[in-house]
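**Q** Can you read through this structure? Questions will come right after.
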Amino acid sequence: ETLRVEEIPAELRVEAAERRRELIECVANADELLGELFLEEKIPTAAQLKLAIRRATLQKSFTPVLVGSALKNKGVQPLLDAVLEYLPNPSEVENYALLSQGDSEDQTKFLLNSARDDSQPFIGLAFKLEAGRFGQLTYMRVYQGMLKKSDYIYNARTGRKVRVQRLVRMHSDNMEDVNEVYAGDICALFGIDCASGDTFTDKTSTAISMESIHVPDPVISVAMKPANKNDLDKFSKGLGRFTREDPTFRIHFDEESKETIVSGMGELHLEIYAQRMEREYGCPCTMGKPKVAFRENICAAVPFEFTHKKQSGGAGQYGKVIGVLEPLDPENFTKLEFEDRTIGTNIPKQFVPAVEKGFREACEKGLVSGHRISGVRFVLEDGAHHMVDSNEISFIRAGEGALKQ
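Going by UniProt numbering, 359 is the number at position 359 of the sequence shown; the sequence numbering is gapless.
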């Protein structure tokens, strides 16, 4: 693939120079050495600026942000270069593991040795799973020691002993067989049954575990369904596998809209999984915006006085409630609240929960469009009961009726 680097167009050079000055000023606020050059009104060289960005990034006082498009393959190479130029290499980072103290739940942090030799016990973390052509591929980051082909390692979570049958280093879609890897390396193993986030060691002790890798929250969600209803089994199987492989790919079933919602790190991320579903499972999928979960609400406080009364020859039903329905603040529009302000025994305390139950059940289906009611507070102020006819169901119906009134 040809990478084309061009000069900045003439019409953009003035703006590019202004943006560069802004960058220098921003980095100067985070890096002392560059700050001195800035105060002396000296223009730093590209090499000096890159070193300043690296120092500030390592100190976590500056975060480089690059733009690009993976779909159009623009800005990808500068991003990879920035990883090498600005981010720390494994020897510059202090990594810690957790050591359990016997049967106690207490755990102690200890510093891992990043030396690239076999002087320390092996500790690695399985951070990604992938179903490849030759079975499950487990991606592992080595944090300490050395791992060799044919070694036996132990899953710290399950205590299970496994043999490293094949050890490879990944280069995009290509695999390079290697005999050993060291601290700081990322490798892949075949034939390892584990879960994403499992810690492996070369000792029988299962008291050691790595801290979980931070998984960012999804930034986009779409509704996904198989194009053919007969492919539901394939669809479920594929989603189950994808979520095991990729912790940033998440799914949930929306009970209200009856849709499967998939979430990920971007539109392209989700499109790739839709393509894989068709290619690997023969299950074409359609994607679209999730249905909007509409809600009903009230605009102003409204008083109510409702009596539920039923006579059928025998013991009847009787319950009376008096109060007010109030709209909640906008930040609480997804909630329902119930407040009991009754004084005395006009409504016995054992029946108050029944009123709340009736109110919440009635909110499941609104009166205008049939959507759920939310953002409402039910304030119970007074009421009445009958010594014989009042019971729990009476006040459930009274709570429902007060809302529908």
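Each residue gets a CB set at the ideal place from its N, CA and C atoms; glycine is no exception. These figures come from a predicted structure and were not determined experimentally.
(1) Give a yes or no on contact between the stretch 286–297 and the stretch 243–260, applying the rule of three or more CB pairs nearer than 8 Å.
(2) What's the call for Y318, buried or exposed, on a 16-neighbour Cβ count within 10 Å?
(3) Can you tell me the Cβ-Cβ gap for G375 and K335, rounded? I've got them flagged as a contact below 8 Å.
(4) Per DSSP, which residues does E296 bridge with? Please list them.
(5) Applying the 10 Å Cβ sphere with the 16-neighbour rule, what's the burial state of Q144?
(6) Look at the Cβ atom of C285, then the Cβ atom of A227, and state whether they are nearer than 8 Å.
(7) Could you spell out where the alpha helix (DSSP H) holding K404 opens and where it closes?
(8) How many Å lie between N155 and S394 at the Cα?
(9) Exposed or buried, which one is residue 425 when buried takes at least 16 other CB atoms within 10 Å?
(10) Any beta carbon of chain C sitting closer than 8 Å to that of T307?
(11) Quick one: what does DSSP say L125 is sitting in, helix, strand or coil?
(12) Measure the CB-CB distance between E245 and L129 and report whether it falls below 8 Å.
(13) Which of helix, strand or coil does DSSP assign to C26?
(14) Counting only the same chain and skipping the five closest in sequence on each side, list residues whose C-beta sits under 7 Å from that of K109.
(15) Assign L125 to buried or exposed, taking buried as 16 or more other Cβ atoms, counted over all protein chains shown, within 10 Å of its Cβ.
(16) Which of helix, strand or coil does DSSP assign to K258?
(17) Can you tell me where the alpha helix (DSSP H) holding H269 begins and where it ends?
(18) Is K320 closer than 8 Å to G383 when the C-beta atoms are compared?
(19) Are the CB atoms of S249 and Y273 nearer to each other than 8 Å?
(20) Straight-line CA distance for K229 to S263?
(21) Check whether the stretch 113–122 and the stretch 190–198 are in contact - that is, three or more C-beta pairs closer than 8 Å.
(22) Using beta-carbon positions only, say whether V168 and S150 come within less than 8 Å of one another.
(23) Looking at the secondary structure, which residues open and close the beta strand (DSSP E) in which L147 lies?
(24) Would you report the Cα separation of Y139 and F127, rounded to the nearest angstrom?
(25) If you follow the alpha helix (DSSP H) that E245 is part of, which residue opens it and which one closes it?
(26) Can you check DSSP and say which residues form a bridge with F32?
(27) Can you tell me where the alpha helix (DSSP H) with D81 in it begins and where it stops?
(28) Could you check where the beta strand (DSSP E) with V302 kicks off and where it finishes?
(29) Report the rounded CA-to-CA distance for E7 versus P218, giving the unit in angstroms.
(30) In three-state DSSP terms, what is K320?
(31) Run through the stretch 168–206 for me and flag every whole beta strand (DSSP E) of 3 or more residues, listed as ranges in chain order.
**A** So, from the listed chains and residues:
(1) yes
(2) buried
(3) 7 Å
(4) I373
(5) buried
(6) yes
(7) E392 to K404
(8) 58 Å
(9) Summary: the structure shown does not reach residue 425, with the chain confined to residues 1 through 405, and so no result is reported for it.
(10) Note that chain C does not occur in the displayed structure, where there is just one protein chain.
(11) strand
(12) yes
(13) helix
(14) Y96 and L98
(15) buried
(16) coil
(17) E267 to Y281
(18) yes
(19) Ser is not the amino acid found at residue 249; the sequence shown has Phe there. A contact, by the Cβ cut-off of 8 Å.
(20) 22 Å
(21) no
(22) no
(23) M146 to K148
(24) 6 Å
(25) L232 to E245
(26) According to the sequence shown, residue 32 is Glu rather than Phe. The partner list for E32 (beta bridge, DSSP) is empty, contrary to what the question assumes.
(27) V76 to Y86
(28) V302 to K310
(29) 36 Å
(30) strand
(31) 174–177, 180–182, 186–190 and 199–201
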